[in-house]
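For reference, each letter of the sequence shown is one residue, going 1415 to 1655 in the working numbering. Ideal Cβ positions, reconstructed from N, Cα and C, are used throughout, including at glycine. As structure tokens, the structure follows; a few thoughts come after it.
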Amino acid sequence: MSPLTVVVTGANRGIGLEVTRQLAARGDTVILGARDLDAGRRAAAPLVAAGGDVRARRLDVTDLASIDAVAAELAGSGAGEGGAGGVGGLDVLVNNAAIHYDTWQQAGGADLGVVAEALDTNLLGAWRCTNAFLPLLRASGHGRIVNVSSEAGSLTSMGGGVPAYRTSKAGLNALTRMLAAELRSDGVLVNSVCPGWVATDMGGPGGRPVAEGAASVLWAVDLPDDGPTGGLFRDGQPLPW
Ligand SMILES: NC(=O)c1ccc[n+]([C@@H]2O[C@H](COP(=O)([O-])OP(=O)(O)OC[C@H]3O[C@@H](n4cnc5c(N)ncnc54)[C@H](OP(=O)(O)O)[C@@H]3O)[C@@H](O)[C@H]2O)c1
């Protein structure tokens, strides 16, 4: 397989950073998206030192201008923030950034400010990035959109609690379904992926190693052209909606 160019959002720590590390280690070019560029550069440094083609860029998924600047750079019409030139086009968008795993509240009486923030980052953030990068993904001919979701957003098994997070991931899964249907004819495969319970800042201690969660994401990055689209998967296995 030829090397890919991949944008990963929320890639300065956690699963996004490990996805970036795994992609770079095998020779892909990765745009390490971070809302704090200094944090992104610190995260990228050891990967670059190890020989990876990793380019840290400011990419706040709630800030359309920051997204558009990265898209313009990849389209060849932008200056680029990090000073490293030579990257162009895009094969894969990994919508990974997320906030507010709100185990502290219930749907009834929930702080709707928290819900709105979760929707703005976890759902609209992925949507903004998709809109901005879609022309490049279509042009790739083998475009992939990987929405890092969660079984917590599955309606089939949904119970009470964690309302902001669950609603945002259910919405993200709906976005996956719509985009998959709309982009099938362009050869762009769109899937939701659950990384499982992973020991990150969000997941807390006790989850599985971050490498395993990231591998669940890479499975959807690497789908063949006749692979599935419009599904929710963990470790390559379908999960109920
Ligand atoms: N960990 C789990 O057990 C688990 C389970 C199921 C699904 N997931 C999903 O897996 C993905 C990664 O989770 P994680 O555990 O790695 O979380 P994490 O450790 O909390 O990392 C979240 C990342 O998202 C970034 N981010 C937050 N808001 C952003 C914004 N507006 N723009 C750009 N980046 C932003 C954070 O940046 P800052 O450093 O600037 O805050 C950070 O890099 C998420 O979609 C999460 O819902 C995780």
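Please state whether the Cβ-Cβ distance between residue 1643 and residue 1587 is less than 9 Å.
no
Checking contacts by CB at 9 Å: is residue 1581 closer than that to chain B?
The structure shown has no chain B; it contains just one protein chain.
Can you tell me whether residue 1487 is buried or exposed, with buried defined as 16 or more other CB within 10 angstroms of its CB?
buried
Note down the Cα distance separating residue 1455 from residue 1540, rounded to an integer number of angstroms.
22 Å
Would you kindly report the start and end of the unbroken beta strand (DSSP E) that includes residue 1606?
1603-1607
Is it the case that the CB of residue 1476 approaches a heavy atom of ligand 1 more closely than 8 Å?
yes
For residue 1417, the three-state DSSP class (helix, strand or coil):
coil
Please go through the same chain and pick out, in chain order, the residues whose beta-carbon is closer than 7 Å to the beta-carbon of residue 1453, but skip the five residues on each side of it.
1426
Contact check, residue 1557 vs residue 1615 under 8 Å by CB: the rounded distance?
In fact, because the Cβ distance is near 30 Å, the residues do not count as touching under 8 Å.
Could you tell me how far apart the beta carbons of residue 1444 and residue 1560 are, in whole angstroms, since I believe they sit closer than 8 Å?
Between residue 1560 and residue 1444 the Cβ distance is about 13 Å, and since that is not below 8 Å, they are no contact.
Complete beta strand (DSSP E) runs within the stretch 1469-1537 (minimum length 3 residues, chain order):
1506-1509
Should residue 1539 be counted as a contact of ligand 1 given a C-beta to heavy atom distance under 8 Å?
yes
The stretch 1570-1587 / the stretch 1521-1541 touching (three or more Cβ pairs under 8 Å):
yes
Endpoints, the alpha helix (DSSP H) within which residue 1648 is located
Element bounds for residue 1648: not the alpha helix (DSSP H) but the beta strand (DSSP E), 1646-1648.
So for residue 1426, helix, strand or coil by DSSP?
coil
What are the boundary residues of the alpha helix (DSSP H) that residue 1688 is part of?
One cannot answer for residue 1688 here, as it falls past the ends of the chain, which runs 1415 to 1655.
Whole-angstrom distance between residue 1442 and residue 1451, CA atom to CA atom:
21 Å
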